[in-house]
Each structure stands twice: as C-alpha cells, then as structure tokens.
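Written below as structure tokens is the structure these notes are about.
Number of protein chains: 2
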Amino acid sequence: MKARVHVSLKSGVLDPQGKAIGNALASLGFTGVGEVRQGKLIEIELEGSDRAAAQAKVEKMCQELLANPVIENYAIELE
Amino acid sequence: MKARVHVSLKSGVLDPQGKAIGNALASLGFTGVGEVRQGKLIEIELEGSDRAAAQAKVEKMCQELLANPVIENYAIELE
Chain D
1077 MKARVHVSLK SGVLDPQGKA IGNALASLGF TGVGEVRQGK LIEIELEGSD RAAAQAKVEK
1137 MCQELLANPV IENYAIELE
Chain F
1077 MKARVHVSLK SGVLDPQGKA IGNALASLGF TGVGEVRQGK LIEIELEGSD RAAAQAKVEK
1137 MCQELLANPV IENYAIELE
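Chains D and F, in that order, give the protein sequences.
If you use the numbering used here, the first sequence closes out at 1155, no skipped numbers anywhere.
If you use the numbering used here, the second sequence closes out at 1155, no skipped numbers anywhere.
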C-alpha cells in the first residue's frame, strides 16, 4: 500500500520559499499570481493491506517525524 | 482559483532525502516501511476563473521554473 503525506505550513506562518517562487514567477513575466506556498509531499510504501492500521501508523509517523505540528499541517492519503 | 502542483523525482532517480526519512522511521521503530520518496507540493493562488487558461499557465510555470523535467515529474490539480 502507498501512503502520500502532504505537509504544508499553517496559514499565517511565513513561507520564504513560497515567496521566492512567487517573485521568480513574477520576474519570468507571469501575471495574476497571488500567494504561493511550498510544502512537502512524502510517499511511503507500506507492507500489509489493513487500511485502518496503515492510517494509524502514518498518523504516528507524522506526529513523530514527518511534520512539525507547531507550524505545519499534514494530510494523509492512502492508495 | 488555486492550483496545486506536485513535483516528484522520476522513478530511478536517487532520492537521498527520502532515504534519510526511511532510515529515521526505521530507527524510530516503524516496521514494514518500504521505499520513501520526498517531493514538493506548491500551492499557487491564481486570478481569474478560466480553468483551461489556468492549466496552460501552470503547465508553463512547471516547465520554466517549478520542476526540472530532466529528473522530475509534475502533476497539476486545479481547485
């Protein structure tokens, strides 16, 4: 089973990397671009086919390692 | 309109960051974890409501700035 974890900064947290992308897009001539935010996408191959167990395991991974819950949100998607 | 761009390394391209996450998960005691890959998730606020135009614009952004087509794949999702 494959789990995809989206980790993104909470709204209100400054995102200099996203800001840099926004500025680069503007200097390349793209118009009509508002806020840009950059997050992480982590794909994890998991053994087993128990979706509930996988969800719980990935949730624990997020809390312990993958995300910083002080400034980041995460979303888990199982395939 | 909001566009979400997922940028991930092509399969076969070494991903040291994903490898490091996999090792860290193992050392935290998580078992049954296979390959881990890390990519980027870029969220862009766009003006206007023409989906076809937005898709084309974001496609161009990916080719020019957001992804390195030699080693990365990208997927665009419009909200």
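The C-beta atom is built at its ideal place from N, Cα and C for all residues, glycine as well.
Treat the numbers as computed from the prediction; the structure is a model and nothing was measured.
- L1104 of chain F and A1132 of chain F have their C-alpha atoms roughly 43 Å apart.
- With respect to I1147 of chain F, V1083 of chain F sits apart: the two C-beta atoms are not nearer than 8 Å.
- The way I'd put it, the segment 1091–1107 of chain D does touch the segment 1137–1151 of chain F; three or more beta-carbon pairs between them come closer than 8 Å.
- In the structure shown, the three-state DSSP call for A1143 of chain F is coil.
- In its chain, beyond the 5 residues on either side, L1085, R1113 and Q1114 have a beta carbon closer than 7 Å to the beta carbon of D1091 of chain F.
- When rounded, the separation of the alpha-carbon atoms in I1118 of chain F and T1107 of chain F is 30 Å.
- With the criterion set as a beta carbon lying under 9 Å from some beta carbon of chain D, the members of the segment 1094–1122 of chain F are G1094, I1097, G1098, A1100, L1101, L1104, F1106, T1107, G1108, V1109, G1110, E1111, V1112, R1113, Q1114, G1115, K1116, L1117, I1118, E1119, I1120, E1121 and L1122, in sequence order.
- Taking the CA atoms as reference points, A1143 of chain F sits about 13 Å from R1080 of chain F.
- Nearest to P1145 of chain D by C-alpha distance, out of D:A1130, D:E1153 and D:S1087, is D:S1087.
- With a threshold of 8 Å between beta carbons, S1084 of chain D makes contact with chain F.
- One alpha carbon belongs to K1116 of chain F, the other to K1116 of chain D, and they sit about 5 Å apart.
- Burial check for L1154 of chain F: the Cβ neighbour count within 10 Å stays below 16, so the residue is exposed.
- In this model, M1077 of chain F and E1123 of chain F are separated by some 6 Å (Cα to Cα).
- Between L1141 of chain D and L1141 of chain F, the C-beta gap is not smaller than 8 Å, which leaves the two residues out of contact.
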